[in-house]
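S.K.: First residue of the sequence shown? That's 115 in my numbering, and the numbers climb one at a time after it.
Once you've had a glance at the structure underneath, I'll fire off some questions.
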Amino acid sequence: MSGREYGRIHSWGFGPKRGGDFELHSPCSHLELPQTIVEPILLRYATQHGFPCRFGSRLVRFDDSAVDHVMVEVEDRIYGTIQKIKCKYLFGADGAKSRIVQQLGLPLNVQPSQGIALNVLLRADLSDIMKTRVGNLHYVIQPDVEMPDFAGWSIMRMVKPWYEWLVIMMYKPDCPADFTPTQEQVQEQVKRVIGGPTIPAEILRIDKWIINEIVAESYSKGRVYCLGDAVHRHPPMNGLGANTCIQDAANLAWKVAMVEKGIAGASLLDTYSVERQPVGAGVVQRANASLREHIPIFDTLGFLDPSLEGRKAQLAILDEESDRGRVRRRRLMDVIDETSHEFQAQGSDMGQQYESSAVFLDGAGQPPKLPSDPVLFYEPRTFPGRRLPHAWLNTSVPSRQVSTLDLSGKGRFTIFTGHGGEPWLKAAAQTRESLGVEVTAHAVGFGLEYEAVYNDWYRLREVEEDGCVLVRPDNFVAWRSQGMLSGRQSEDEDNGSQMDTASLLRLQNEKLDLLIRRTAVMDLAYKLPVHEDLRREIFTSLPRQPLPLFQGSTSAFFCINYIDVGAGKLGQPFFEGSFIPLAATPSPMPASLSIVQGQIIEGEASDISGNYLIDNDAPIEGSPGAKFPFPSVALPSHCPLAELDGHFVIRMVQVYGRLGGAMYPIVDIAELTQKARCFFDAKADLQSSRGRHDSVFMEIARDDLAILKFVVAIALLAQGDMHAEMASRLFQTLRPTIEAMVWNVAVDLKDLVLMTLAALYHLHWGKWRLAWRLVGDLTRMVLELGLNREIVLSRAFPDPKTRVRAINTIWTIYVLEQHLSHALGFSNAMHGLSLELNFPLPVEAPFLTLMIEYARIGKQACDTLLSDKDFNQQQVSNWQEDYAFFQYRLERWTVLMSNTFETSDMDQDIRPDFRIVRTILDLRANHLRILVARAFLCTGLRNAAPSDIWTTSVNIAVDSVQVFAQMDTSTQEYRFHQVQFNHFLIVALDMLLFITTHRSSICGSPSANGEQLPVPEDVVPKAQQSSVVALNILRNLAETSNHSKHLWERVRGVASRLNLSSYLFPTAADHEIYPPAMHSGSGHSGVEETAGDAGLAKHHTNVDHHEPQNFPFTFPTGDMGTWEFHGLLSSPVFDHLQDLGSLADNTWIR
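In C-alpha cells:
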C-alpha cells in the first residue's frame, strides 16, 4: 500500500461526476458499515425487544412434515444436549454453508467457483499512509514480486479509519484448496501488503472462504424460508452482500407480520421467493462479473504472465516512450474506468423491480424503459414493483425537510396523492377502520399537507394530481392510479368485465361441445363390427408428420446449414460431375429449424447422428451383417452373447476397460471379467450336459449380465462396422430392460450404471440425440434420489468401494449431459445436473476430472456468450470481458491437461491409450474455441468481436484438421472414438467453409469498436486449403465407416455447391477415374494434372499402391502452409464460389 499507485477511481457517490446522482436519489449518504460493526447493533436491538439469542448452539435437523408448525432440533454445544423447539416458521439465515437449505433440498444454480480467498481481520495504524492515498478499498497487485500461493493478490478494505482493516488474500489458481497458511505466513504476507515492515499489525481473525457464484432457484418451501447468504453466495464486489441480505429480511418481515395479524392470507408469503430470487440472481451475476472485470487490469500490468521475468518485462512497458507504451498506458486507463460498474453501480444498488401477486398493474400504464446502462444508472419511477422515489418535502411554512421515504414504510402502507385526492384519503381511513390495515395517507401539493421542495415529487410521481401512489411497508410501490375514477366509469368497467366473462364462458362451451362430438365418433368406430386389425388400421394408418428438430448455434452443422440453405435460395447449382457418390440415394432426413438473428431457417436435420425417423442400427452396406434386419421390438430370449467365444468376450471386456473404462470408470473391469468367465464356464457345463442356453442366465445376476452385454457391445464398435450386427443384437436384448428402468420408481446403482452404459453405447454408435434423452432421464433420477447431495450419497452407499463407483457414475452423467447438450445445440435449453459444492470429486479418473472442469467452462461460455440474445450496445464490454475470462480459463485447463497426461513418464504399454485421450482433449479445447468464435461471427455478438476473430477462427480450425491429417485411423483406439472424432472434424470444416464463403463480403461481417472486420487476405487461402484437406479426410473415412458415410452424404452437397468436389484426392474406389500418381525423379509422387483442372501436388514418400493403406495418399507433418496446392487458389473455378456473407444481413431468409 505504500508502493507505486497505478490508478484511482471514485466510488459509491463520491466525486464530481456521479456525486449528484447519488445525492439526488437518496436522502442518505454512503456509509461504510462492515459486518463486525452492524451485527452488535442488531444483536443489542434484538435482545432488548424480546428476541432470545442463543450462542454456542447448532441446528441439527428439522421436521417440516406437519401442516401448522416446524419441529427443530438444536444442539447446545456447551452442555452437549439436544433441545426440540416447535416453531410456526423456520427462517434459514445460516450463511453460505446453510444446513437448512441443504436439508430442505432447495435447487441451487451453481456456476464454477472463481477460487479461494482468505479473510484476515487486523489492527494496524495506517493513518500516515492514508495522508497521501485516502481510500476505503485498495487493490494490492505486485507483478514484479513472487507472491506466496495463498496470496497472489490482495484487497485491503478499511473497517475503522485508519486502524482496523480487512485483508482479502486471493489464492493462486494452482494453490490446493485444502491448504491453509500458518499464522506466521499470514503475518509475513500482511507486512508485504502494507508495505511497511515496521508498522505493527495485530491479526484478530483468519477465515478461508470459497468465491462462489451460487443462487437458489427458490427461497422457500412450506413453512421454511431461507434468506441472505444461504440462498445467494458471491464475492463482496459492489458491496451488495449485507445490503441484499437486509433487503431479503425487509421483504419477508412485513409479509409475515400481515399474515400473523390475520390481515393477509398465507399466499402473501409465496411472493417472497418470487420477488427476491431474481434480485439475488442478479446480484450474484453482477458481483462475479465485477471480479472478472479486474482481469483486464491484471493483464495490462503483466500480472497474468506465469514467469516473474515475463511479468517484469510486461510491467516495464508502461514506462516506455514508445507506441506500445502509449497503447499500454491508454489501455490501463480504460480498463480502470471499466470498473465503474463495480464502484458506481447505482442501478444495481437501487434499480430492483418486483413482479408478483403483491404488485398490482391495473391502471398503472406502460412499464418504463430501462436506463441506457441499468448497472450504472438508476431512474426513479413509481411504476408498481419499483422502489419509491426519494423527493424532499416540506410544509408551506418551511420547517424540517422530510423525504418521501421518511413518510412511508415502518410496517404500514402509505398513500401519496395531491389536489383532488380527498377520496383516496377517505378510503385510507375506511380501510383502517374496516379491515384493520394500517394505511397512512399524505396529500402533497401547493397549500396541502406537504409541498414538494424543488418540485421534484411533482415530476417523479408520474400520476395526475388526483391520482395516487400506494406504497408497501418495504417502500416498494404496490399500485398506482393515474387519476380519480368516476363512479360511472367504474360501473362501465364492471359491466365490461361481466360481458368479457360471459364471452369467454360461451367460447369454452363451444370447444367442449366439439370435443364431445369427436369423442362420440371415435367411440362409435370402436363399436363397428369390423376385424380387429382393420379397426387398428383406422386409427394408426394416418400419416405422421414429425415435428422439426431444433438445432442451436453449437450444433456441428450450424454454419453448413447456414451456407447450404442460403446457396439453395440464391439458386446456386450443383456443379456438373462434381459428386463422387458413395451411395445411390441418401437416407431421407427429418426437417429441422435454426434461429439466426431472430428468424427461423428451415432445412434438413443435419447433425452428428443419423436418421431419427428410422430406428435402424444396420451396418454399412457390404459388411458381413448388412442384410440383418433390426426390428424395433425385443428379440427372443436367446442370448447372442452365448454365440461368441469366451476368450473373445473377455478380450472385449479388456478393450473396453482400456479405452472406455479409463475415461469413464463406472464398471469394475476385474469383477466383470470374473463374471464373464463364470458365464462361459456355466455355458460349457450346460452344453456338455445338453442343457439349454436360456438357463445360462441363472449363473450370474441379470443386471451383471446386462452390464456385460453393454460393455461387449461398446467394445465391438471399436472393432469396425463388421461387428456392428452383433453389437446391435446385444443392445436389442437389453432394450426392454432400459425402457422399463425409465418408468420404474425403484432404482439402484446398477440400474444407473446400466443406463449410463446405454447412453455411452448410443454415443459411440453415433445416435447422440437418443443418448441425450437417456442422460436426461438419468439426470432426473439422480435428482429424484437426492444423489447430487453428499450427505445422501454417503448414506446410500456406506461401502467405500461402492461409493466410489457411484461418485464416478454421477460425474459421468454430469459430463455426458453437458457434452451432448453442446454438441446437439441445446446448450441453453435446460438446467443441467446440479451437484453440491462439497460433492466428492471422481476417484482415480483423470480424464473425468478434467472433463468436469471443461464442462463448467463450456457451460459458462454458453450462458454468457452462446445464448440467443438481442444485441445491446451496453453489453459489449461485458461480452468482451466474458470472452477474455473464457480464454483465460480454457488456457489454464489446457495447461492442467498437458500436465495430467504427460506421456514421457508412462509405461510403454499405456502410452497409446493416454495419447489418444490427450488428442481428444486437445480437440475438445479447439472445439470449444470454435463454438465461441462462431458466436462472434454468426450471432448478435458480431458487433462485439475481437479484432483478430477471423485469424483466430481459421487458425483453430486448421490446427484441428492438422491433427486429423496426422492420425492413424486404422487403429482400434481411433475406431473406438471415431464418432467423436467425426464431430470435431465436422465442426472444424463447418468453420472453414464459413470463412471461405465470406472472403470478400463486408456486409454482415463482425465489427470491433464500431468498425467492420472484413476477412484478411491471408485467411481465405488458408481456410480454402484446409477445407479441401478436411473434405478429403471425411470422404476417405466414408469408405470404411457407416457413420462417416452419413456425414459425407450431408457435406458433399455443400462441397458441390461451392465447387470444391473437383479438388478431392482420388480414393481406392476411384482408380478407374483417377489413375495412380506418376513417380517423379525427385523421389516424390503427386497427382497428375488433367486437362481443364487445376493441379494438386503434395509432398510425401513413395507409396506402394499394392499395400493396404488407410488413405491412398499420405499427409505430411508440420505446417499446413508448406503443402503445395498448385493452382488451387488461382483457379478460375474458384470464381464460382458464392459469396455468402450477405446471409447475416437476412438477404436469404426473407
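Backbone N, C-alpha and C fix where the C-beta goes; we use that ideal spot for every residue, glycine too.
Just so we're clear, the structure is a prediction, and the values are computed from it rather than from any experiment.
Do you know offhand how far Ser404's Cα is from Ile360's?
M.R.: 21 angstroms
S.K.: Threshold first: 4 residues or longer. Then list the alpha helix (DSSP H) segments lying entirely within the stretch 444–504, N to C.
M.R.: 454–457, 460–464
S.K.: Only counting the same chain, and skipping five residues up and downstream in sequence, which positions put a Cβ closer than 7 angstroms to that of Met464?
M.R.: His139, Tyr492, Arg501
S.K.: Quick one: what does DSSP say Glu579 is sitting in, helix, strand or coil?
M.R.: The answer is coil: DSSP assigns Glu579 none of H, G, I, E or B.
S.K.: Pro221 to Ser334, Cα distance in whole Å?
M.R.: 10 angstroms
S.K.: Is there contact here, the stretch 288–300 with the stretch 221–237, by at least three beta-carbon pairs under 8 angstroms?
M.R.: yes
S.K.: Expressed to the nearest angstrom, what Euclidean distance is found between the alpha-carbon atoms of Leu949 and Glu904?
M.R.: 9 angstroms
S.K.: Helix or strand or just coil, what does DSSP make of Arg132?
M.R.: coil
S.K.: State the DSSP-derived secondary structure class of Glu316, mapped to helix, strand or coil.
M.R.: strand
S.K.: Nearest CA to the CA of Gly880: which residue from Ala790, His1091, Met1081?
M.R.: His1091
S.K.: I need the DSSP call for Ile199, collapsed to helix, strand or coil.
M.R.: Residue state for Ile199 is assigned as strand, using DSSP reduced to three classes.
S.K.: If you reduce the DSSP assignment to three classes, tell me which class Thr528 lands in.
M.R.: strand
S.K.: Would you identify the three-state DSSP class for Phe590, choosing helix, strand or coil?
M.R.: strand
S.K.: Is DSSP giving Gly121 helix, strand or coil here?
M.R.: Per DSSP, reduced to three states, the secondary structure at Gly121 is coil, with no helix or strand assignment.
S.K.: In whole angstroms, what is the alpha-carbon distance linking Lys1159 and Gln768?
M.R.: 29 angstroms
S.K.: Among Leu871, Asn858, Ala937, Leu383, which residue has its Cα nearest to the Cα of Glu898?
M.R.: The residue from Leu871, Asn858, Ala937, Leu383 with its alpha-carbon nearest to that of Glu898 is Asn858.
S.K.: Going by DSSP, what residue range makes up the alpha helix (DSSP H) through Tyr564?
M.R.: Run containing Tyr564: none; DSSP gives neither H nor E here.
S.K.: Just curious, the alpha helix (DSSP H) that Met855 is in, first and last residue?
M.R.: 838–857
S.K.: Can the beta-carbon of Ser517 be found less than 8 angstroms from the beta-carbon of Pro141?
M.R.: yes
S.K.: What do you get for Gly1167, buried or exposed, if any count of 16 or more other CB atoms within 10 angstroms of its CB means buried?
M.R.: buried
S.K.: Sorted by chain position, which residues of the same chain lie with C-beta nearer than 7 angstroms to Glu278's C-beta, five sequence neighbours on each side aside?
M.R.: Arg237
S.K.: Ordered along the chain, which non-local residues of its own chain (more than five positions away) have a Cβ less than 7 angstroms from that of Ala841?
M.R.: Ala827, Leu830, Leu831
S.K.: Given that a residue counts as buried once 16 or more other Cβ atoms are within 10 Å of its Cβ, and exposed if not, what is His348?
M.R.: buried
S.K.: Which value, in whole angstroms, describes the spacing of the CA atoms of Asp1027 and Val1134?
M.R.: 36 angstroms
S.K.: What would DSSP say about Asp891, mapped onto helix, strand or coil?
M.R.: helix
S.K.: Any idea if Ile1265 is buried or exposed, counting beta-carbon neighbours within 10 angstroms, 16 or more meaning buried?
M.R.: In the structure displayed, the chain extends from 115 to 1264; residue 1265 sits before or after that span and is not available.
S.K.: Going by DSSP, which residues form a beta bridge with Arg175?
M.R.: Glu187
S.K.: Determine whether the beta carbon atoms of Leu1106 and Ala1137 lie at a separation below 8 angstroms.
M.R.: yes
S.K.: At the level of alpha carbons, what is the spacing between Leu934 and Asp520?
M.R.: 55 angstroms
S.K.: Would you grab the beta carbon distance between Asp208 and Ala344 for me? Rounded to a whole angstrom, and I think it's under 8 angstroms.
M.R.: 6 angstroms
S.K.: Compare the C-alpha of Gln480 against each of Ser595, Gln846, Val397, Leu1148 and name the closest.
M.R.: Ser595
S.K.: Is Val393 closer than 8 angstroms to Leu383 when the C-beta atoms are compared?
M.R.: No, Cβ-Cβ distance for Leu383 and Val393 is not below 8 angstroms.
S.K.: Excluding the five sequence neighbours on either side, which residues of its own chain have a C-beta within less than 7 angstroms of the C-beta of Asp258, listed in chain order?
M.R.: Arg425, Lys426, Leu429
S.K.: Measuring CB to CB, does Val558 end up less than 8 angstroms from Pro498?
M.R.: No; because the gap between Cβ atoms is not below 8 angstroms, this pair is not in contact.
S.K.: Taking the continuous beta strand (DSSP E) assigned at Trp279, which residues delimit it?
M.R.: 278–284
S.K.: Near Glu119, which residues of its chain fall below 6 angstroms by C-beta distance, leaving aside the five closest residues on each side in sequence?
M.R.: none
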